[in-house]
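The sequence shown runs 5 to 130 under the working numbering.
Just so it is clear, CB atoms sit at the ideal spot from N, CA and C, and this is done for glycine as well.
This one's a predicted model, so the numbers in the text were calculated from it and none came from an experiment.
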Amino acid sequence: MCILQTVSIIVIKELKEKRGIIMYQTLWNSINKQVKNSHAYAAFLAVSLMGWTTIGLLAGFLICMIGGMSFVTKVTVVLCSGGYTGLIFGFFGGILYLYRSEPRHLAAATPSQVFPQQLQKDGEPD
Numbered sequence: 005m006c007i008l009q010t011v012s013i014i015v016i017k018e019l020k021e022k023r024g025i026i027m028y029q030t031l032w033n034s035i036n037k038q039v040k041n042s043h044a045y046a047a048f049l050a051v052s053l054m055g056w057t058t059i060g061l062l063a064g065f066l067i068c069m070i071g072g073m074s075f076v077t078k079v080t081v082v083l084c085s086g087g088y089t090g091l092i093f094g095f096f097g098g099i100l101y102l103y104r105s106e107p108r109h110l111a112a113a114t115p116s117q118v119f120p121q122q123l124q125k126d127g128e129p130d
């Protein structure tokens with residue numbers, strides 16, 4: 005499991021540097037060209053999740069080929085490496101990228117747009 009921890013530390017460092025951001029940005033730009041704006045976020049997260057899961061599965065297969073493990077341990081390593089890599093770096097990494105890259109719409113909104121149920125008819129808060 006030490007190899008898996010080392011690989012995840014390297015990937016985290018890559019994401020913190022410019023190269024990780026460029027990877028997500030390149031993926032976002034290519035998906036934004038192919039898909040309608042209303043579906044771009046979902047498509048981006050789905051492709052990111054599938055890509056990172058594939059990378060994790062390949063890393064798991066590589067770890068299993070190197071180490072002498074039982075079949076059950078090999079299956080566990082492959083599924084955990086693929087699942088956790090896809091979830092952490094694909095899904096949550098994609099969400100964090102979208103959160104950082106999109107402008108904050110809430111700051112420009114008026115209070116009636118943000119909390120319409122708290123305003124009375126005359127426009128005064130409860």
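With a cut-off of 8 Å on the beta carbons, I'd call tyrosine 28 and tyrosine 101 a contact; round off their distance for me. For the purposes of this step, residue 28 is taken as the residue at position 24 of the sequence shown. For the purposes of this step, residue 101 is taken as the residue at position 97 of the sequence shown. Cβ atoms of tyrosine 28 and tyrosine 101 come within 8 Å of each other, at about 4 Å.
Would you decide whether threonine 77 is buried or exposed? Buried here means 16 or more other CB atoms lie within 10 Å of its CB. Along the sequence shown, one-based indexing puts residue 77 at 73. The residue in question, threonine 77, is exposed, as its Cβ has fewer than 16 Cβ neighbours within 10 Å.
Is it the case that the Cβ atoms of tryptophan 56 and glycine 87 are separated by a distance below 8 Å? Locating residue 56 in the sequence shown gives position 52, where the first residue counts as 1. Locating residue 87 in the sequence shown gives position 83, where the first residue counts as 1. In this structure, glycine 87 does not lie closer than 8 Å to tryptophan 56 by Cβ.
Are serine 34 and glycine 98 close, meaning C-beta to C-beta below 8 Å? Here residue 34 corresponds to residue number 30 of the sequence shown, with the count starting at 1. Here residue 98 corresponds to residue number 94 of the sequence shown, with the count starting at 1. Going by C-beta atoms, serine 34 is not nearer than 8 Å to glycine 98.
Methionine 54, DSSP secondary structure in three states: As a working mapping, residue 54 is identified with position 50 in the sequence shown. Methionine 54: helix per DSSP, three-state reduction.
Considering just the uninterrupted stretch of the alpha helix (DSSP H) at glycine 98, what are its terminal residues? As a first step, residue 98 must be located in the sequence shown, where it is residue number 94. Run containing glycine 98: 97-105, per the alpha helix (DSSP H) assignment.
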